[in-house]
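Residue numbers (my numbering), protein chains in the order written: chain X, 214 to 514; chain U, 2 to 253; chain R, 4 to 419.
Shown next, in C-alpha cells, is the structure this report addresses.
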Amino acid sequence: MITKANKNIKGIIIEGVTLISALIIIAILVIMLLVIFIGGKDHLTWEFLTSFPTEGMTKGGIFPAIYGTALLVIIMSIAAVPFGTITAIYLTEYAKENSVIAKTIRFAVRTLAVIPSIIYGLFGLGFFIKFVGAHIDGAFFGGELKWGQPNVLWASLTMSLLTLPVVIVSVEEALRTVPQDLRAASLALGATKWQTIRKVVIPGSLSGIMTGTILAVSRGAGEVAPILFTGAAYYLATLPGLGDQFMVLGYHIYVLTTQSANVDQTLPIQFGTTCVLLLLTFILNMTAVVLRYRIRKKKNR
Amino acid sequence: MIVDKIHTENMFLYYSTKMALNNISIKIPEKKVTAFIGPSGCGKSTFLRSLNRMNDLIDGVKIEGKVMIDTINIYDKNIDVVNLRKKVGMVFQKSNPFAKSIFENIAYGPRINGINDKNQLDEIVETALKNAAIWDEVKDRLGDSALGLSGGQQQRLCIARTLAVNPEIVLMDEPASALDPLSTSKIEELIVQLKEQYTIVIVTHNMQQAARISDHTAFFYLGELIEYDKTRTIFTNPNKKQTEDYITGRFG
Amino acid sequence: MTKKNKKSGSSGASAEEHRSDLIDITQKRFRIGDYLAEKIIKGVAFLSITIIILIFIFVFREAFPIFNTSNEVKQPGVEQPKQAAQETYGAVTDSDPKPETQETYGAVTDSANKPETQETYGDVTDKPVVPEKEGLKNAKLESASKTGKSSYTVSAGSGTDDNQSAVKTLLTKDWVPVSEKPRYGILSLIVGTFKITLISMLFAAPLAILAALYTSVFANKRMKEIIKPTIELLAGFPSVVIGFFALMVLATFLQTIFHYDTRLNSFVGGIAMGIAAIPIIFTITEDSLTAVPKSYYEASLALGASKWQTAFFVILPAATPGIFAAILLGIGRVFGETMIALMATGNAALMDLNPFESVRTLAATIGAEMAEVVFGDTHYNVLFLIGSLLFVFTFCINAIAEFYVKGILMKRIQGK
C-alpha cells in the first residue's frame with residue numbers, strides 16, 4: 214500500500230512537471246506579447262502608422278516600412294500562392310501516393326521548409342540579383358545597373374520561395390478534406406479530371422488556400438534574413454517602386470536596435486514598430502489557426 | 002425484342018495480383034432493371050464500377066476480357082473514358098451532392114458539356130428533377146444548398162443529377178442502403194419508372210428489393226457470377242445450390 | 004461531340020431526343036484544356052525540386068572560387084582605385100558588379116537616389132570594408148562566365164595571394180575578414196554556433212518534449228485546445244520580434260539573475276533561439292506521441308501500470324524516433340537562425356566555451372557582413388562558403404529526421 218501511495222505521488226509530480234513545462238511555454242508567449250504590447254501601445258497612433266520617419270529616424274512614423282511590408286507580401290503572395298497551390302494539387306490529385314516523383318517532391322518541400330532563411334537570402338543574391346538581374350541588365354540595359362541590384366522584386370521573389378512550403382502544406386491538407394465521393398461523382402458525370410479539380414476540388418478547399426495564404430503572408434511579413442541583402446533598406450525618403458530598395462518592418466526593427474547611432478533615443482520607435490509587426494503577424498496567425506481548426510473539424514465530421 | 006445493352010465475355014479483374022472477378026460473362030438487356038446480389042465482398046460492386054471504368058481511379062486494377070457496351074469494347078485502347086461516363090451514369094451508395102445549390106448540382110453535368118444557356122439549363126434541370134420524382138419537393142428552393150436536403154432527397158437529387166447528363170445506362174451502387182424505408186420505397190418506385198428510358202443496373206444487398214424491382218438478377222459469390230436469370234426464376238427456382246442457400250438466408 | 008450533345012439538349016423536354024447515342028466513345032478525344040492543365044501542374048510541381056537544385060548550384064557557385072585559385076593566371080598586381088574597377092566592370096555585362104558596397108553600407112539604400120544615407124553608416128557592427136583586390140573576381144569570371152578578356156585589366160595578383168592565404172586561414176580560429184591581412188578562420192564561428200545550439204536545445208528540448216507529453220497524455224480536451232493553438236501562435240512569432248525581446252528584456256533580466264559581465268552572450272541568444280525552436284520540437288513530438296496507437300496505452304493500463312508509468316515507459320519509448328527527429332529539426336532551426344543571433348548574441352567571434360561570453364554564429368556572420376562585402380571578393384566567397392556549410396548541414400539534418408520519422412517511427416508504430 215505504501216508503494217502505491219509512492220507511485221501516486223510520483224505520478225502527481227511527473228504530471229505536474231509536464232504541466233508546468235506547458236505552462237512555461239504559454240507564459241513565455243504571454244510575457245513576450247505583453248512586454249511588447251505595453252512597451253509599444255502608446256505609439257500605436259494613426260500618425261505613427263502613416264507618417265515618414267523624421268530627424269534622422271529618431272522621430273516620426275513608420276509608414277514607408279508598413280508600405281514596404283505590404284508591397285513585399287503582395288508580390289510574394291502573387292508568386293507563392295499559385296505555385297504552392299498547383300504543387301499541392303499535383304500531390305493530391307495527380308501524383309500516385311507512393312510514386313518516386315511524389316516522394317521526391319514531398320521531400321523537397323520539407324527540405325525547403327527547413328532551409329535557414331539566410332540561405333534564401335544568399336540564393337536571392339546569387340540567383341535573382343547576380344544572375345537573373347545581371348543578365349536582364351546585360352540584355353536590355355546595355356550593362357547599366359538596373360535589375361542587377363537589390364530591390365523589392367527580388368526580395369519578394371526570394372521571400373516567395375521561403376513561403377512556398379507553407380502554402381503547399383496548408384493547401385494539401387485542405388485538398389485532402391474534399392471527400393473522394395465528390396471527385397467520383399463528378400467523374401461519373403463525365404467531367405474530366407481538370408474539370409473536376411476546377412469545379413469541385415478547388416471550390417471545396419478555398420478556405421485551405423486562404424489559410425495557406427495567410428500563413429505565408431504572416432511568415433513573409435516577419436522574416437528579415439532573406440531580405441537583408443536582397444532589397445531591404447534602412448531609410449528611404451520616397452515610397453519604393455518595383456525596382457527600388459524598400460523599407461520593411463522587421464528590418465526596421467533590426468536596424469534601429471543594432472545599427473542606429475543612438476539606440477536609446479529610438480527606443481519608443483523600436484517598441485512601436487515591433488508592436489506593429491507582432492500584432493500584424495499575431496492577428497494573421499490567429500485567423501489561420503481558427504480557419505485551420507475549422508477545416509480539421511470538417512474533415513473529422 | 003430484347004437487345005443486349007451490356008455484355009461481358011470472360012472478364013477478369015485483378016487488384017494488383019489478387020483476382021477480384023473471375024471469368025464473368027453476362028448479357029444485360031436494354032431498358033430493363035438488372036440487379037446484382039450477393040454477400041458483401043463478392044465483387045458485385047467492383048463489377049458494377051468496371052462498367053463505366055470507375056475502377057480506373059484505383060491504382061493497380063487490371064482487367065482482362067471483353068466488356069461490351071452496345072458493340073464497343075469499353076476497355077479498348079482508344080476509348081474516351083470521359084465520354085463513356087456520360088453514356089454510363091452512376092449513382093453511389095452514399096448520396097454525394099456537391100456543396101452547391103440544388104440547381105447547380107443538376108446543372109453541373111450539362112455545364113461541363115458546354116451548355117451555359119440559362120433557359121436551356123432551366124429546362125434540363127426541371128426535366129431531370131421531374132424524372133427523378135423530386136421536382137415537387139424542391140421546385141421552390143432550387144437556389145438552396147443541396148446539403149440541406151434529407152438523405153432520401155439527396156439521393157434522388159443525385160439520381161436527377163445523373164439523368165441530366167442523358168446517360169443510356171444508369172449504374173446504381175446500393176442506392177438505398179443508407180435510407181429509411183419510406184425513402185427507399187420512393188427510390189424503388191423511381192427505378193421502376195426509369196427503366197422506360199434507361200437501362201438500369203443496380204447492386205443491392207437487399208434481396209426483397211431485387212425481387213421487387215428487377216427484371217433480371219445476377220448472383221455473385223467470391224468474385225464469380227454464380228447464376229444469372231430472370232428475377233422470378235432466381236427467386237423461385239434457382240438452378241444452383243449456392244443461390245438457393247443465399248436466397249433462403251442460409252448464409253451471407 | 005459535346006456540340007452535338009448541346010444541340011440535342013436544346014430540344015429538351017423529351018429525354019429521348021437528347022440521348023447520348025450521339026456521343027462517340029470509340030475515339031479518344033484530345034482535350035486541350037485538360038492536357039495543358041496536367042502538363043502545367045506537373046511542371047510546376049517540379050518547382051520545389053528545381054529550387055533546391057538551384058539553391059545548391061547558386062550558393063555553391065559563389066563559394067566555389069575559393070578553391071579554384073591555384074590555376075589562376077598570375078597577372079601583375081596593380082593597386083587599382085576602386086572607382087576604376089567599377090567602371091571596367093560596368094562594361095562587362097556578365098560580371099554582376101556590386102560597386103556601391105562601400106559607400107552605402109551594404110544593401111541599405113540605392114546610392115544613386117539617396118546619398119544622404121551615409122549618415123547611417125556610423126554605428127555599424129563591423130568596421131568598414133577595406134577595398135579589396137579583385138583577383139578572385141577573375142577566378143570567378145574565368146570559371147563561371149563567358150566574359151571576354153577585357154575584364155582582366157583590373158586583375159590584381161595580390162588578390163590571388165589573398166585568396167590562397169585565405170583558404171589557408173579557413174581552419175583557424177581567427178575571423179578577421181576586414182583588415183590589411185584578412186583571416187577567415189571559421190572555427191570560432193562553428194564552435195560558437197554549436198555552443199549556442201547546445202544551449203538552446205538544453206533549454207528548449209526538455210520543455211517542449213515535456214509539454215508535448217502533457218498535451219498528448221495527461222491533458223484533457225479543453226487544455227489541448229488551449230495549448231496547441233497557443234504554440235502554433237508562438238511558431239508564428241517573427242524571429243526578429245523574439246530577437247528584439249531577447250535584446251531588450253531577456254538580456255537584462257538574465258543579467259540581473261546570473262550577474263555576468265557581457266550583457267549579450269551565447270546564453271541569452273541560446274535561450275531566445277530556444278524559444279524559436281520550441282514550437283517545432285513540440286509539434287513534431289506531439290504528433291509522434293499521438294501516433295502511438297491507443298491500444299499500447301490501454302494494454303499498459305490494463306496491466307496495472309499507472310498513467311505516468313504508461314507515459315514514460317510505453318508511449319515515450321515508442322515515439323523516440325519521432326522525438327529524435329523533432330530535436331534534430333529544432334537544431335536545424337537554431338543552426339540557421341540569423342536575426343536572433345544578430346541581435347542577442349553579442350556577435351564577437353570568440354573561441355570560448357564559457358556560455359556567458361559573446362559568440363558569433365555562422366548565420367549571423369553572413370547576415371551581418373554580406374551586405375558590406377565587395378562582390379566577388381574573397382570575403383564574399385567565404386560568406387557563401389559558410390552558407391553552403393549551413394545548407395548542407397540543414398539538408399542532412401532534414402534527411403536524417405525524415406528517415407527517423409518515415410523509416411523507423413512509422414514502421415515501429417504501424418508495424419509495416
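By construction, the Cβ of each residue, glycine as well, lies at the ideal position given by its N, Cα and C atoms.
Applying the 10 Å Cβ sphere with the 16-neighbour rule, what's the burial state of residue i?
i         : result
X:Glu-268 : exposed
R:Asn-8   : In this prediction, R:Asn-8 has a pLDDT of 41, which is less than 50 and means its spatial position is unreliable; what the coordinates show is noted afterwards. The residue in question, R:Asn-8, is buried, as its Cβ has 16 or more Cβ neighbours within 10 Å.
U:Asn-238 : exposed
X:Thr-258 : exposed
X:Leu-504 : buried
U:Thr-163 : buried
R:His-262 : exposed
X:Glu-385 : buried
X:Thr-263 : exposed
U:Asp-81  : buried
U:Gln-155 : buried
X:Val-557 : Past the edges of chain X, shown from 214 to 514, lies residue 557 of chain X, and the structure says nothing about it.
U:Thr-244 : buried
R:Val-395 : exposed
X:Leu-358 : buried
R:Asn-223 : exposed
Which residues in chain X sit within 9 Å of residue i, going by Cβ to Cβ distance?
i         : result
U:Tyr-247 : Neighbours of U:Tyr-247 on chain X: none; closest Cβ ~28 Å, over 9 Å.
U:Asp-60  : Lys-309, Glu-310 and Asn-311
Going by DSSP, what residues sit across from residue i in a beta bridge?
i         : result
X:Ile-427 : X:Ile-427 is not bridged to any residue.
U:His-8   : U:Lys-28 and U:Met-69
U:Glu-225 : U:Tyr-222
U:His-217 : U:Thr-35 and U:Lys-231
X:Gly-273 : X:Pro-266
R:Val-362 : R:Gly-349
R:Trp-178 : R:Tyr-187
U:Val-62  : U:Tyr-16
U:Gly-90  : U:Val-171
R:Leu-279 : Position check: residue 279 of chain R holds Ala in this sequence, whereas Leu was assumed. For R:Ala-279, which the question treats as bridged, DSSP gives no partner whatsoever.
X:Ala-445 : X:Phe-459
X:Ser-553 : Within the shown structure, residues of chain X are numbered from 214 to 514, placing residue 553 of chain X beyond reach of any answer.
X:Asn-221 : Bridge partners of X:Asn-221: none, in fact.
X:Leu-480 : Answer is none; X:Leu-480 lacks a bridge partner.
So residue i contacts chain U; which residues on that side make the cut at Cβ distance below 8 Å?
i         : result
X:Gln-408 : Ile-113
X:Asp-394 : Phe-93, Lys-95 and Asn-97
X:Thr-405 : Val-83 and Ile-113
R:Asp-27  : Asp-81 and Asn-84
List the residues of chain X whose Cβ lies closer than 7 Å to the Cβ of residue i, in chain order.
i         : result
R:Gly-370 : Ile-331, Ala-438 and Leu-441
U:Tyr-76  : Those do not exist, as U:Tyr-76 stays about 17 Å from chain X at its closest Cβ, beyond 7 Å.
R:Met-342 : Val-437, Ala-438 and Tyr-467
R:Met-346 : Tyr-467, Thr-470 and Thr-471
Just to make sure I have the definition right: I need the residues of chain R whose C-beta is within less than 8 Å of the C-beta of residue i. Which are they?
i         : result
X:Gly-339 : Phe-61, Val-62, Arg-64, Glu-65 and Phe-387
X:Thr-494 : Gly-239, Phe-240, Pro-241 and Val-244
Starting from the beta carbon of residue i, find every residue of chain R whose beta carbon is closer than 9 Å, and list them in chain order.
i         : result
X:Val-365 : Those do not exist, as X:Val-365 stays about 11 Å from chain R at its closest Cβ, beyond 9 Å.
Just the chain X side, please: which residues come within less than 8 Å of residue i by C-beta, in chain order?
i         : result
R:Met-204 : Those do not exist, as R:Met-204 stays about 15 Å from chain X at its closest Cβ, beyond 8 Å.
R:Pro-232 : Val-502 and Tyr-506
Going along chain R, which residues have a C-beta under 7 Å from residue i?
i        : result
U:Ile-73 : Ile-28 and Thr-29
Just by C-beta distance, which residues in the segment 30 to 62 of chain R are closer than 8 Å to chain U?
Gln-30, Lys-31, Arg-32 and Arg-34
Along the segment 177 to 198 of chain R, what residues have a CB closer than 8 Å to any CB found in chain U?
none
Could you name each continuous alpha helix (DSSP H) segment of 4 residues or more that falls completely within the segment 349 to 419 of chain X, going from the start of the chain to the end?
365 to 389, 393 to 401 and 406 to 409
Residues of the segment 147 to 168 of chain U whose Cβ lies closer than 9 Å to any Cβ of chain X, in chain order
Cys-159, Arg-162, Thr-163, Ala-165, Val-166 and Pro-168
List in chain order: all unbroken alpha helix (DSSP H) runs of 4+ residues lying wholly within the segment 155 to 206 of chain U.
182 to 195
Taking the runs of the alpha helix (DSSP H) that are 4 residues or longer, which of them lie wholly in the segment 22 to 49 of chain R?
35 to 48
Could you please tell me which residues of the segment 305 to 330 of chain X, in chain order, have their CB closer than 7 Å to any CB of chain U?
Lys-309
Taking Cβ-Cβ distances below 8 Å as the criterion, which residues of the segment 311 to 325 of chain R are in contact with chain X?
Trp-311, Gln-312, Ala-314 and Phe-315
Give, in chain order, every residue of the segment 182 to 202 of chain U whose Cβ lies closer than 8 Å to some Cβ of chain R.
Gln-198
Near-chain U residues of the segment 419 to 430 of chain X - C-beta to any C-beta below 8 Å:
none
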